[in-house]
Amino acid sequence: MSVSRREFLTVGGAGLVAASALREASGATPQARPWYQRTLRWGQTNLTEIDPRRIDIDFWRAHWKRTRVQGVVLNAGGIVAFYPTKVPFHHRARELGDRDLFGELVRAAREDGLAVFARMDSNRAHEDFHRAHPDWFAQDAQGKPYVVTGMYVACVNGPYYREHIPAILREIVGGYRPDGVTDNNWNGPQRHQPCFCDNCEQSFRKRTGAALPRTANWDDALYREWILWNYARRLEIWDEFNRVTREAGGPDCLWVGMMSGSLNYQARVFRDDAQVFRRSEMIMLDHQRRFDTEGFQHNAETGLRLHSVGGWNKVIPESMAMYHLGEHNFRLAMKPTAEARLWVVEGFAGGVQPWWHHLGAVQEDRRMFETAESLWRWHEQNERHLVERLPVANVGLLWSQRNTDFFGRDDAGVLVDEPWNGFSQALVRARIPYVPVHVDDIDRLARELGLKLLILPNLAALSDDQVAALRRFVASGGSLLATGTSSLCDEAGRPRADLALADLLGASVPGQHAWRDPARRTAQAREWLQTYLRLPRQEAARHEALRGFAGTDILAYGGTLEPLVVARPAEVALGFVPPVPLSPPEDVWMRQPETRIPGLLCAERPGGGRVAYLPADIDRQYARDQIPDHAALLAALVRWCVRDVLPLEVEAPGLIDCRLYATSTARVLHLVNLNNANAWRTPAHDLVPVGPVRVRVRMPEGKSAVVARALVGEARLAQSTRGAWHQVEIATITDHEVVVFE
Ligand SMILES: [Zn+2]
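With our numbering applied, the sequence shown covers 595 to 1336.
So this is what it looks like as structure tokens:
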């Protein structure tokens, strides 16, 4: 690594990136890299049962070319076979006849120089299969099969996964030589579909010596063991299927199961993001659309989250639906162009690679073909700036799938997702670059990225090792910002004697506190009340992080708080004001205008770090009510914790998602314009340009002769340098802009 490269990777003047973080592709030209590293643009026409009689392969070849894809996902088998399979009960597509459609498509793709992923769907089977082998399918405690869309859900511990699917994989890989195999739905029964077949009974007894738990009781250690046993089996499937495809197709013939971008969903289907991505060379991300609770920005965040846990250089193609997905789905009609574009460019901003997706070989809403073409072409022209890069951020937002499992339990939406979404949305709104950090990666990412602050958004379930990593971070001068019940539980979700970080946060939980009882805790988290947080009346007495709130003595809150035991050096910066009646109007006054119940505690640490603890779940409240003060409070605390040292400043109205990266030669800044009448209600009807947008990026030391250019707009950028800051002005941004500082 050259000196200049090291300098460019210096983050915000804060930390120095480990050279190993951006693994060089050993100087290899893109062509010399394995297919799973060099194939950046994908396309998929998901075939239906009648497509063998109506598909026009030449049309799709032309579309592959128009959209500059380098790889295609082709339906092979699983629920439905598109080739003349010899595996018993492998259901051939209704209109397949003797045709080998999969084989024809593989040949066409090869002639066009494309990589091929054979697509599987291993989740369900038809009635004839179930009649012949009822014991291969999942069954409930009464022995009844789970039937979804008229098909039978296969058990992951029986011969369906151990013999039937491997036989299909060998047939496909041996017969057609695809580069790899990807599977749409490979996890078997979900958490709400526990299987009680003999194979499951035996497997579970072998691991635990006990019978399968009959009820879903999170307080029962055996049920928690059942959860972990389920995860372990999915990882085994991942490894077993990879052994099969590599034996049949060589060491690069990967088997890659599709993964959702929703951690909540991943938990319910036992797919462990961190464990899977650490063992896989790539991820096929099945994250097709925006949800109103998370916004477009969730796509960039998901890309960052997966890269941060799996590797910065890995490729993460994402299935981007070109058809309409919203409150209701129309899988044959186009997704409005603005909606589709914003989702795709947010993917680019997260280091996600594009993969268009149509359902059916014949499309009557032909407008959807145009959506991909311009975006995929832009991606081709600019691909070198869109891969192999490290985020430039000194703020980490902590996550853990075990927290979703064992603290979130059946209420992860309220207990885990809302605080996460609220905090990440406040950061996006404040244009504060951040990186999702898995709790097991604290040491590594703090070193690689030079993190100065770790945020715990109601992250309650932590192991002793994870707590120790947080302590090391603070001891070495790092700052912490925690909300709600952070560090209340052990990794199994059991309440600890006290907050594991009580001494750092400056607060202890007394014996009778509602937080000690999961049912009361969850009820409190769901409840909304007219409550407030109080600032000291005298401005001189106010904490410096709260300077932005001159002109008010109170802030809207919405949650409820009980007393905590506060310990020095923490000081109470905001106090809780208990519920105020909403009506009749004559009743709307504070019965208790002031309490000693802490809403916010702040402390300076001996190591130089700062700690802000919000027992008040402002992040969750922000996700729900979108109160600007809540976003401003979270952002102000972040700024205080990092002593105002941030790598980026952006001046423009509204909501602009900013994601900043370092490559080996440049800084790359994505700006996604989310100013839209439908920013929080799918779908976007049109794009609303914003401008001018003034951007200042803090450059590494010694980089004075920087030239910035825009990859989307045609206009030359006005730019200037002042000290370490390079400033550019972008006249207008329609959907996105990418600025390269070289
Ligand atoms: Zn079973």
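Backbone N, C-alpha and C define an ideal beta-carbon position, used for all residues, glycine too.
| Check | Outcome |
| --- | --- |
| Cβ shell of Ser1177 (< 7 Å), same chain only, five flanking positions each side left out | none |
| Exposure label - Glu618; buried when at least 16 CB within 10 Å | Note that Glu618 has pLDDT 49, beneath the 50 cutoff, so the model's placement of it is unreliable and the number below is only indicative. With fewer than 16 Cβ atoms within 10 Å of its Cβ, Glu618 is classed as exposed. |
| Inter-stretch contact at 8 Å, needing at least 3 Cβ pairs: the region 911-923 / the region 880-898 | yes |
| Other residues of its chain near Pro1112: CB distance less than 7 Å, five sequence neighbours each side excluded | none |
| CB of Ile877 within 8 Å of CB of Val850, strictly | yes |
| Neighbourhood of Glu1133 by C-beta distance below 7 Å, restricted to the same chain and skipping five residues each side | Ala1144 |
| Spatial neighbours of Asp1213 in its chain, beta-carbon cut-off 6 Å, leaving aside the 5 residues before and after | Pro1013, Gly1016, Phe1017, Pro1051 and Thr1077 |
| C-beta atoms of Leu1242 and Arg1025 nearer than 8 Å | yes |
| Heavy atom of ligand 1 within 7 Å of Gly1100 beta-carbon | no |
| Option nearest Arg686 by Cα separation, candidates Ala656, Ala712 and Thr642 | Thr642 |
| Any non-hydrogen atom of ligand 1 closer than 7 Å to Asn793 Cβ | yes |
| Of the listed residues Val1159, Leu1127 and Pro1172, nearest to Ala1150 (C-alpha basis) | Leu1127 |
| Below-8 Å beta-carbon distance, Ala1054 vs any chain B residue | Among the protein chains of the structure shown there is no chain B, as only one such chain exists. |
| Simplified DSSP state of Phe696, which is helix, strand or coil | helix |
| Which listed residue (Asn988, Leu1095, Met928 and Ala943) has its alpha carbon closest to that of Gly1044 | Asn988 |
| Distance CB(Pro1277)-CB(Gly920) smaller than 8 Å | yes |
| Distance cut-off 7 Å: Gly1153 Cβ against heavy atoms of ligand 1 | no |
| Heavy atom of ligand 1 within 7 Å of Gly769 beta-carbon | no |
| Check: Gly737 C-beta below 7 Å from any heavy atom of ligand 1 | no |
| Three-state secondary structure (DSSP) of Val681 | coil |
| Heavy atom of ligand 1 within 7 Å of Asn751 beta-carbon | yes |
| Selected residue, minimal CA-CA separation from Val1166, among Trp1183, Gln796 and Glu1188 | Glu1188 |
| Best match in Cys1083, Asp867 and Phe885 for proximity to Gln995 [C-alpha to C-alpha] | Asp867 |
| Those runs of the beta strand (DSSP E) which lie wholly inside the region 682-759 and span at least 3 residues | 709-715 and 745-747 |
| Minimum length 3: unbroken beta strand (DSSP E) runs contained in the region 817-883 | 848-853 |
| Backbone CA spacing between Val1029 and Cys749 [nearest angstrom] | 37 Å |
| Assigned secondary structure, Cys1083 (DSSP; H/G/I helix, E/B strand, else coil) | strand |
| Ala732 beta carbon near ligand 1 (any heavy atom closer than 7 Å) | yes |
| Whether Phe790 touches Trp823 by CB criterion (8 Å) | no |
| Extent of the continuous alpha helix (DSSP H) run through Leu806 | Segment: none, Leu806 is in no alpha helix (DSSP H) and carries neither H nor E. |
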